[in-house]
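Undergrad: Going by this note's numbering, the sequence shown runs without a break in its numbering and finishes at 103.
We put the CB at the ideal spot given by N, CA and C, even for glycine.
Quick caveat: nothing in here was measured; it's all calculated off a predicted structure.
Dropping the structure in here first, questions after.
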Amino acid sequence: MELRIVYESKPINVSHDTYRRECRYTRGIHIPFEDFVEILNDMSHDIKLYFDFHNPGKQIAPGTYLNGHSGLERSIASYYQNRKNTCIDGINTGKDFYVKII
């Protein structure tokens, strides 16, 4: 499995328990579980805190949908560039997105 950027024709709803609402996204990043775990382990403390703010208590497992944020987007781009020697076009745009762990 490989990372994919997905553009949805109908928005995907992802719960945001901190805000107690659903967030709607038309752009998603589908990422392999093993890669996502490594990205989480490599995150700076501040980015990890912000990730936890947007995804409190969410399970990190295949099939899980998560709320994205700019720090996570940069972490994903950096991981693929530095660890996989791959530049992912369209990943670091600053636009809202969800993450689906595959």
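Between threonine 27 and the rest of its own chain, which residues show a CB-CB distance below 7 Å, the 5 nearest in sequence each way excluded?
TA: Cβ neighbours of threonine 27 beyond the five flanking positions: Tyr8, Glu9, Pro12.
Undergrad: Using C-beta distances below 7 Å, list every residue in its chain close to serine 71, excluding the 5 sequence neighbours before and after it, in chain order.
TA: Only Gly95 meet the Cβ criterion.
Undergrad: On the three-state DSSP scale, how would you describe arginine 178?
TA: Here the chain has residues from 2 to 103 only, and residue 178 is not among them.
Undergrad: Could you check where the beta strand (DSSP E) with glutamate 9 kicks off and where it finishes?
TA: For glutamate 9, the uninterrupted beta strand (DSSP E) run begins and ends at 5 to 17, by DSSP.
Undergrad: Do lysine 85 and the ligand GTP come close, with the Cβ less than 7 Å from some heavy atom?
TA: This structure lacks the ligand GTP; in fact it carries no ligand of any kind.
Undergrad: Which two residues bound the contiguous alpha helix (DSSP H) that contains isoleucine 61?
TA: Per DSSP, isoleucine 61 lies in no alpha helix (DSSP H) and is assigned neither H nor E.
Undergrad: With DSSP as the reference, identify every bridge partner of isoleucine 30, one or two as the case may be.
TA: Ile6, Val100
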